[in-house]
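Notes follow the structure.
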Amino acid sequence: MKAFEESVRDENMLARRRQRVKEQISAWALLSPFIIILVLFSVVPFVMGFVYVFLRYDPYDVGATQFYGLKNFEMLFNGDISMSQSFWESFGPVTVYALCTFPIGTIISFVLAYFINMRPPGYKFFRACIYLPSLVSISIAGIIFCNFFGPKGSGLINSLFGTDIDWLGGKPFQDDFLRWVIILLLCIWGGVGGNFVIYAGVLNDIPKSLYEACEMDGGGRWRQILHVTLPCMKSTLSLTMFGTVVGMLSLYGQPYVLNTIENKDILVSPMMWIQKYLMGGLTYAKLTGFICAAALVLGIISAALGFIQRKVMADRRPGAKYCAEYARYAELKAQSADYKGGAD
Amino acid sequence: MITENENIVNDKDTFLSLRHLVKVYPNGEKAVYDFDLEIAKNEFIVIVGPSGCGKSTTLRMVAGLEDITDGDVYLQNDLLNYKPCKDRKMAIVFQSYALYPQMNVYQNIAFPLTINKYPAPVVNETLLSVAQVKKLLESIGIERIAKAIFSQHSKRMKRKTLVEELAVLLDIEPCSSKLLVGLFRSLDAATKNEIAVKKDVVLSEWLKKLDEKEAAERTKLQESGVKLNEKFHVLNDDGTEKIVSRKLTRFEIRTRVYETADKLDLTPYLDKLPKELSGGQMQRVALGRAIIKNVPVFLMDEPLSNLDAKLRLTMRSEIVKLHNRINATTIYVTHDQVEAMTMATRIVVMSRGFVQQIGTPEEIYGDPVNVFVARFIGSPSMNVFEMEYDKSKNAYTYGGFDIPASKSFKAKYESFYAEKCAEFEQINANFDLTAREKILKVLSVLGENKVKAQTAKKSNLITRTVNFFKSIAKKKEKEKEDVWEKERTVAKEKLEQLRSRTEKGDKVLIGIRPERLEIEKAEAGKKYDGYYVVEPTLTELLGGEYSVHFEFCGRNTVGKLDAKYKLKAGDKIAVKFSAADLYVFDPVTGDVIK
Amino acid sequence: MQDAKIKKRLTKSQLTTRREKIVSFIVLAIAALIFVFPLIYMVGTSFKSDLDLQMHPENIFPTPGQWTIKHYTGFFINGDGQLDNMPKWMFNSLWSTALTCGLTVLIDLVVAYVVVFLRWKGKQVFMKSLFAWMAAPTVIATAPGLALFQTVKTALGVNNFASTYALVYFWLTIPGIVGVFNVILMYNFFKTIPIDIIESAKSDGASHFKIFLKIVCPLAKSTMLVIVLFTFAASWNNLQGPQLLMAGEGQAIQTITVALAESYGGSSAWGAQGVSMATALFSLIPVLIIFIFTQNRMIEGLASTGVKR
């Protein structure tokens, strides 16, 4: 009898174990397409990015691969080579641009979200209108904006005001200020929508009683924004800003579509630089290692910036000092009895 | 121009007065009907009612978080209706605590102090500090002062911290301790170390300095013509103290927060963020944020309903103790009648926006005005069943079982119905807004079919235009009739029912509290006269007593039986209904007949 | 007397609410107009006649009576009476985007289901590495990715149009379906499904496949929609990736977005605004259709992604 029970139990255990193993196997089997694709098309190139920088590599002539050591980096940091020079120069405009766009874009999307949350009549329609440009591809946006800011005969703005301003011309740090303003406009036009919608969602989720508590405590609108709205949105703000910071350095589409013939070949962002030489076909194929080195530098810089942004915005708990201060206070209070009334 | 209002205002007992408050939401839904209550100082008012009865809305109107549609709120004769919340001298505690998630406990409690300005008398700090230091030198002597400074000074600290700590230690104002530290620092090192020996020299030197300072300040004041009172507060020309709104200093805030935290046992958690606290602790922080404002009125919106049962019990008594300690006036909203009974000095029972009864817990429990209050208050709730009132026998009967009514009941019964008939005839004759609300109130008592409380829609532009066109089409009268049709029918029905009663008596609602039922274990063969003998449908042992359920008049009825009688399956019980403990309600209006 | 006067006044919060509504309405109306204006201008310009384009670039809409659909007909059949490139681009974009969307949703559903509802070892490590991968700067992988592509291309001996087309689009769609962000979106949603539902279905004898199909998938509809829209917009509007793969391969292979950027982008569009605007509008239609039909759900879904994080 006992033996029978035991055998049943054993069998049950075996069945369970078999079940476990089965689940384990099927889990990995189901995950395998995802993992394989991710590894093959994303992880492997990513890792190779760290390998190619040490090689002279030509995808059309794999046999000729050579170990280059740090030569690629030496080339990259050698200002005399015009390619390297243009790479480093491309950081200039994009940095200035990022410094302007980042706050402006964030503030605009926050302000619009704040107003949407007041729920005026027709807010859903407005929300859709503001979000819509985010879905418009950069090429279409480029076509539209080029028509807006085209030369006198064809551009909307110039014709409208009877001016003859060369909006899109100019070279970095010389006379291309207007072009950057338009790139900025384009970025805000197409880029604000996503964050705006996310902020509106978060704003809507802030408990109303917090605002009421602040109102009871005597806080007006600004205090409510400062002490309730912003702190409650902080984690979301931080995350979206992370996306913006990283996206900013890989600026490519906007300047690419907004150019005139005279500045078509001027590289105003490192991403444009990389893209240009990668698209160069056979001519630049043998420089793959060199381009990889540049990409690596860009990647590290953007990761570092993102990291700094996350650290700056990270939740910092208010300093843990009040307990100690209270202890001191209580101690003094207790002692103060000794000093009362002159009793010796 | 002496109006009725002013008479009430002059009533000395009234502290906070809520006069005929009405709330209509923008969608036209009426949430509160004519809430009228005068609250004396230090009262603990509990507004209780089922969810959605308008109790929170009332509280929020008082707090200023919700607009008052009609009626007034006065605090000490001060009309509050149009004041913003922060000027109403009130603090509110929310059900969800509403703590700022990014601030720790200290900052949460301190928040109201940090952002507001508070009126305070202007003090001449120089003279105050001179006087305080002089007094200190006299009372505890230079030696001990030096000792106090030394005991703090030895740790290398900032001068500001030293000044603040010394102020706490010697129980003086920071300006005085600053002066003291200044005097002490001016001594050379040798003197500092041998202060015991040279104390007389130092003392005379210090006194001289202080005198000089005082004299200088006095002449300066005289020149500028500023007058002070004995507390060194600056006076206005008319002799009153000059009051200026100012931000509190860090020192003042800190002292107050620590005192508050101490009162609430929150001191170990000062550095914690709200998300690291338990429900009870968060609740206490919310209370702290309310009491630190030092306001006369506290509003609490179901503050305990997010806590577990055990904690709720302790917090209940904590809140009452706190209320007594700080001499507050509290309005407390809850749906839990136990909280209402245990905490309140007066209870307001509400249902569907109507105030059903206002009274002390004893009154509400012992003397409910209608069947809603009777059922709502008390745990387990009152047994209510329908019986026939036989006028000729002067007894309530059901299925051959008689309960004799009290002798005077017949007269009461007759006068009650005569009165009610008259009232309803009046209502039917002139069916206006007040009449309609009376009908709605009757329905709210009985919990009968809810007529959607539509009043004239709050006019926005569109409805106004629509109404305008409607009135042109002369349909308006008809519309109005249609809206109130239901209430009219109800009013007619009620009148019919009331009229039919006066003749020989009819059904009435009999209520009796479970704890007042006299129950015995029925023994076989014994005759029980005037008792109702029945087999219980369910008995629950609650430790010391049974809760006995049995069928009576077709209703499940609950009573209590001491656990010393051992009840077994099949045992019968004998129940006695004594006339003195019965409540008789009119089934038509739900009001008590007495 | 005075009391009565005061009472008629609106209370402060009523005033604030009203003012809030008015101010926000005005601000949003202006903002919405600004945001939509370029698109309106695009529509208007695409119907302008050549003469109108030259004479009145400052008008938003064509001169009355001069509306023309010439620019639209032009890109179907070209001057030689042959099929123009435009339908080809459209077709390329449509099928590749549709495939990417479908596969993405499928793979996200499966991965999230496996991670949330199956018991297996390595779950924590898997999720942690996914989160880590999200923060990796992908720019590092662009050059080697292209090199890999070129190596494979050479190794397979791809040289004619058909095989190039197949390889390019394989390389475009397949890597696009493993977006980690979407997986995490779905994973977050699945975590909100009460485990009790799954357990009770299990105890009723349902297999994992049944649970997945009958319980989880219907629940995940709104998240699926959000992912479809994200993927659709991202894939349809992708410029950089396809540009790299299609460099030097001729126009017929391009997606609409690449083609627009290269053929009409920047200064190259001048003198051909009508056609470029018409083409742009035409290529926007699929995105617009999807947006119009799902905009509320989509925006709310998008908003909730921020809340959950």
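Protein sequence lines correspond, in order, to chains B, U and E. Quick note, this note's numbering runs 109 ahead of the 1-based positions in the first sequence. Quick note, this note's numbering runs 1124 ahead of the 1-based positions in the second sequence. Quick note, this note's numbering runs 3 ahead of the 1-based positions in the third sequence. All residues carry an ideal CB built from backbone N, CA and C; glycine is no exception. It should be emphasised that the depicted structure is a prediction, and the values quoted were computed from it without experimental measurement.
N-terminal and C-terminal residue of the beta strand (DSSP E) that residue i is part of
| i | result |
| --- | --- |
| E:Gln246 | E:Gln246 -> not in any beta strand (DSSP E); alpha helix (DSSP H) instead, spanning 243 to 249. |
| U:Val1657 | 1656 to 1658 |
| U:Gly1635 | 1631 to 1636 |
| U:Met1214 | 1214 to 1217 |
| U:Tyr1242 | 1241 to 1245 |
| U:Glu1510 | 1507 to 1514 |
| U:Phe1709 | 1707 to 1709 |
| U:His1144 | 1138 to 1148 |
| U:Ala1698 | 1696 to 1700 |
| U:Glu1249 | Per DSSP, U:Glu1249 belongs to no beta strand (DSSP E); it is in the alpha helix (DSSP H), 1249 to 1263. |
| E:Val219 | Neither: E:Val219 is in no beta strand (DSSP E) and is coded neither H nor E. |
Contacts of residue i in chain B (Cβ-Cβ under 8 Å)
| i | result |
| --- | --- |
| E:Gln246 | Gln384, Met388 |
| E:Trp123 | Glu132, Gln133, Ala136, Trp137 |
Beta-carbon separation (whole angstroms), residue i vs residue j, contact threshold 8 Å
| i | j | result |
| --- | --- | --- |
| B:Tyr206 | B:Ile292 | 7 Å |
| E:Gln254 | E:Asn88 | 5 Å |
| U:Asp1630 | U:Tyr1513 | 7 Å |
| U:Phe1168 | U:Thr1454 | 5 Å |
| E:Met280 | B:Ile252 | 7 Å |
Per-residue contacts from residue i into chain B (C-beta, under 7 Å)
| i | result |
| --- | --- |
| E:Phe294 | Leu241, Leu244 |
| U:Ile1455 | What U:Ile1455 touches in chain B: nothing, since even the nearest Cβ is about 14 Å away. |
| U:Leu1394 | Tyr431, Cys432, Tyr435 |
| E:Pro289 | Correct list: empty, because the minimum Cβ distance to chain B is about 10 Å. |
| U:Ser1220 | Pro316, Ser318 |
| E:His61 | One point to set straight first is that residue 61 of chain E is Glu, not His, in the sequence displayed. Per Cβ cutoff of 7 Å: Leu265, Ser268, Leu269. |
| E:Gln276 | Asn256, Ser263 |
Residue i - containing alpha helix (DSSP H), residue span
| i | result |
| --- | --- |
| U:Glu1162 | Element bounds for U:Glu1162: not the alpha helix (DSSP H) but the beta strand (DSSP E), 1154 to 1164. |
| U:Arg1440 | 1433 to 1449 |
| B:Phe186 | Note, B:Phe186: premise wrong, no alpha helix (DSSP H); not H, not E. |
| U:Ser1328 | 1323 to 1348 |
| B:Leu265 | 265 to 270 |
| U:Phe1375 | 1374 to 1387 |
| U:Lys1284 | 1283 to 1294 |
Closer than 9 Å at the beta carbon, the chain E residues around residue i
| i | result |
| --- | --- |
| B:Lys233 | Gln298, Asn299, Ile302 |
Closer than 8 Å at the beta carbon, the chain E residues around residue i
| i | result |
| --- | --- |
| B:Pro202 | Chain E residues near B:Pro202: none, gap ~17 Å exceeds 8 Å. |
Interface partners of residue i on chain B, CB under 9 Å
| i | result |
| --- | --- |
| E:Ile110 | Pro142, Phe143, Ile146 |
Neighbouring residues, chain U, relative to residue i (Cβ below 8 Å)
| i | result |
| --- | --- |
| B:Met342 | Within 8 Å Cβ-Cβ: nothing; B:Met342 doesn't reach chain U, min ~11 Å. |
| B:Leu441 | Glu1289, Val1292, Leu1293 |
Residues that residue i contacts on chain E, provided the C-beta gap is smaller than 7 Å
| i | result |
| --- | --- |
| B:Arg62 | Outside the shown range of chain B (110 to 453) lies residue 62 of chain B, about which nothing can therefore be said. |
Chain U residues whose Cβ lies nearer than 7 Å to that of residue i
| i | result |
| --- | --- |
| B:Arg419 | Under the 7 Å cutoff, chain U gives no residues; its nearest Cβ is about 17 Å from B:Arg419. |
Near the ligand PLP: residue i beta-carbon under 7 Å from a heavy atom
| i | result |
| --- | --- |
| U:Asn1360 | In the structure shown, the ligand PLP is absent, as is every other ligand, since no ligand is present at all. |
Q.
Taking contact to mean 3 or more Cβ pairs, one atom from each stretch, closer than 8 Å, check whether the stretch 1474 to 1481 of chain U and the stretch 1193 to 1205 of chain U are in contact.
A. Touching, no.
(Q) Below 8 Å, how does it come out for the stretch 409 to 424 of chain B and the stretch 163 to 182 of chain B: are there three or more Cβ pairs, yes or no? (A) With fewer than three CB-CB distances shorter than 8 Å, the stretch 409 to 424 of chain B does not count as touching the stretch 163 to 182 of chain B.
Q. Along the chain, which unbroken stretches of the alpha helix (DSSP H) at least 4 residues long are found entirely within the stretch 133 to 172 of chain B?
A. With a minimum length of 4 residues, the unbroken runs of alpha helix (DSSP H) contained wholly in the stretch 133 to 172 of chain B fall at 153 to 161.
(Q) Count Cβ pairs between the stretch 225 to 245 of chain B and the stretch 317 to 330 of chain B that sit closer than 8 Å; are there 3 or more? (A) Under the three-pair Cβ rule at 8 Å, the stretch 225 to 245 of chain B does not count as touching the stretch 317 to 330 of chain B.
Q | In chain order, each alpha helix (DSSP H) run of at least 4 residues that lies wholly inside the stretch 213 to 244 of chain B | A | Note on the stretch 213 to 244 of chain B: whole alpha helix (DSSP H) runs with a minimum of 4 residues are 232 to 240, in chain order.
**Q.** Meets three-Cβ-pair contact criterion under 8 Å: the stretch 16 to 30 of chain E and the stretch 221 to 234 of chain B
**A.** A contact exists between the stretch 16 to 30 of chain E and the stretch 221 to 234 of chain B.
Q) Are the stretch 1207 to 1223 of chain U and the stretch 309 to 323 of chain B touching by the rule of at least three beta carbon pairs closer than 8 Å? A) Verdict: yes, contact present.
Q. Between the stretch 1634 to 1649 of chain U and the stretch 1507 to 1516 of chain U, are three or more C-beta pairs nearer than 8 Å?
A. As far as the Cβ criterion goes, the stretch 1634 to 1649 of chain U touches the stretch 1507 to 1516 of chain U, which means the pair count is three or higher.
Q: For the stretch 1199 to 1210 of chain U and the stretch 1353 to 1369 of chain U, state whether three or more C-beta atom pairs, one from each stretch, are separated by less than 8 Å.
A: Here the stretch 1199 to 1210 of chain U does not lie against the stretch 1353 to 1369 of chain U, with fewer than 3 beta-carbon pairs under 8 Å apart.
**Q.** Touching by the beta-carbon criterion (3+ pairs, under 8 Å), the stretch 1337 to 1356 of chain U and the stretch 1237 to 1255 of chain U
**A.** Note that the stretch 1337 to 1356 of chain U touches the stretch 1237 to 1255 of chain U; at least 3 beta-carbon pairs, one per stretch, sit closer than 8 Å.
Q.
Could you tell me which whole alpha helix (DSSP H) segments of length 4 or greater appear in the stretch 1525 to 1579 of chain U?
A. Listed in chain order, they are 1533 to 1553, 1557 to 1570.
Q) Below 8 Å, can you find three or more Cβ-Cβ pairs linking the stretch 343 to 355 of chain B to the stretch 304 to 313 of chain B? A) Cβ pair count under 8 Å is three or more, so yes.
Q. Between the stretch 234 to 253 of chain E and the stretch 97 to 106 of chain E, are three or more C-beta pairs nearer than 8 Å?
A. As far as the Cβ criterion goes, the stretch 234 to 253 of chain E touches the stretch 97 to 106 of chain E, which means the pair count is three or higher.
Q: Tell me, please, whether the stretch 49 to 60 of chain E touches the stretch 271 to 286 of chain B by the rule of three or more beta-carbon pairs shorter than 8 Å.
A: Flag = no, the stretch 49 to 60 of chain E and the stretch 271 to 286 of chain B do not touch.
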